[in-house]
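**Q** Would you mind keeping the following structure in view while I ask a few things?
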Amino acid sequence: MPAPQRSNRAYRIVARIVRPVLFAIMRRDWRGMEHLPASGGFIAAANHMTNLDPLTFAHYLYDHGFAPKILAKASLFKVPVLGPVLRATGQIPVFRNTSQAGQSLDEAVQALRDGECVAVFPEGTLTRDPDLWPMVAKTGIARLALMTRVPVIPIAQWGPQKILGRYSKVFKPFPRKTVSIVAGPPVVLDDLYDRPLDTATLREATERVMAAITAILEDLRGEPAPTVRFDPRRAPASGEGLGEGDGPRDGDGPTKSATA
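So the sequence shown is numbered by the numbering used here: it starts at 2 and just counts up by one.
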């Protein structure tokens, strides 16, 4: 398989190491590739259930001709080995709650205008929903989409959590698990382009993206999602995994982490 045209040497080296491992531990059920744009920049938006998601998400995009630039929390760029890999492959650090908070948005906007694929987990961290349905997302993806007016492709994943559970450090690669990844048609946002980028507009655009991802995931799982989306801001203080300050806030950056 030829490497994506926009992949650099470091990206291709990492892919040659990681892809065989992923092939060995999972069966692929990949669909909806026809919805990925043939040219121009676009946002790929997916649900987030486990720390393995970024690799399976990137694998899907890479094998269909795109070297995604993933928005990842800035602290990961300081991790030995991982940090240099993220920098060398052109990933975008997200600086939250700092004076550099707008830098990630600026870099993502420029990448999209340069025709790149920018990969985003709109929830910003692993879903807190008890049954792994997409939860209320941050509004950064809406700001990015409405500023650039590029297509937003909703993508749903189901299966990575069977290899690496949410919050787990124990891999279960064998027997091989099926990982399903399906892309849908672009989310309709053009009617929002000329509206002010206020809270109402950002929330509406964000929910449209999450609704599209959830609809694909419902088909994958063969069951309906909850009628009310899980909101970590309204979860009990003792709720699972809520001690990291991850509750969504209006105006947050595009995502806290693509590898949360």
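Glycine included, every Cβ here is placed at the ideal spot set by N, Cα and C.
Taking Cβ to Cβ, would you say lysine 70 is nearer than 9 Å to alanine 16?
**A** It is not a contact, given that the beta carbons lie outside the stated cut-off.
**Q** Among the candidates Gly116, Arg204 and Leu87, whose CA atom is the shortest distance from the CA of leucine 147?
**A** With distances taken between Cα atoms, leucine 147 lies closest to Arg204.
**Q** DSSP state of alanine 264, grouped into three classes?
**A** No statement about residue 264 is possible, as the shown extent of the chain runs from 2 to 261 and does not include it.
**Q** With distances taken from CA atoms, which of Arg13, Ser76 and Arg222 is nearest valine 183?
**A** Residue Arg222 is the option with its Cα nearest to valine 183.
**Q** Have a look at leucine 193 and histidine 60 and give me their C-alpha separation to the nearest angstrom.
**A** Cα to Cα, leucine 193 sits roughly 32 Å from histidine 60.
**Q** Could you check what DSSP says for serine 76 in three-state terms: helix, strand or coil?
**A** If DSSP states are grouped into helix, strand and coil, serine 76 belongs with the helices.
**Q** Between the C-alpha atoms of threonine 1 and proline 197, what's the straight-line distance to the nearest angstrom?
**A** There is simply no residue 1 to check, as the chain begins at 2 and stops at 261 in what is shown.
**Q** With glycine 53 and proline 161 assumed to form a contact (beta carbons below 8 Å), what rounded beta-carbon distance in angstroms separates them?
**A** A small correction: the amino acid at residue 53 is leucine; glycine does not occupy that position in the sequence shown. That belief holds up - the Cβ atoms of leucine 53 and proline 161 are roughly 4 Å apart, short of 8 Å.
**Q** Tell me the residue span of the alpha helix (DSSP H) that contains arginine 20.
**A** Looking at the DSSP string, the run of the alpha helix (DSSP H) that includes arginine 20 is 10-26.
**Q** Kindly indicate the opening and closing residues of the alpha helix (DSSP H) around proline 135.
**A** Counting along the chain, proline 135 falls outside any alpha helix (DSSP H), and DSSP gives it neither H nor E.
**Q** Could you please give me the residues that DSSP links to threonine 51 through a beta bridge?
**A** Answer is none; threonine 51 lacks a bridge partner.
**Q** Compute the beta-carbon to beta-carbon distance between aspartate 130 and phenylalanine 43, rounded to the nearest angstrom, for a pair I have assumed lies under 8 Å.
**A** 27 Å between Cβ atoms; not a contact.
**Q** Rounded to whole angstroms, what's the CA-CA distance from lysine 1 to valine 180? Just pull it up for me.
**A** The structure shown does not extend to residue 1, since the chain spans only 2 to 261, so no value can be given for it.
**Q** I need the DSSP call for lysine 178, collapsed to helix, strand or coil.
**A** The answer is strand: DSSP assigns lysine 178 an E or B state.
**Q** Quick one: any contact between the segment 21-36 and the segment 82-97, if contact means 3 or more CB pairs under 8 Å?
**A** No, because fewer than three Cβ pairs between the segment 21-36 and the segment 82-97 fall closer than 8 Å, the two stretches do not touch.
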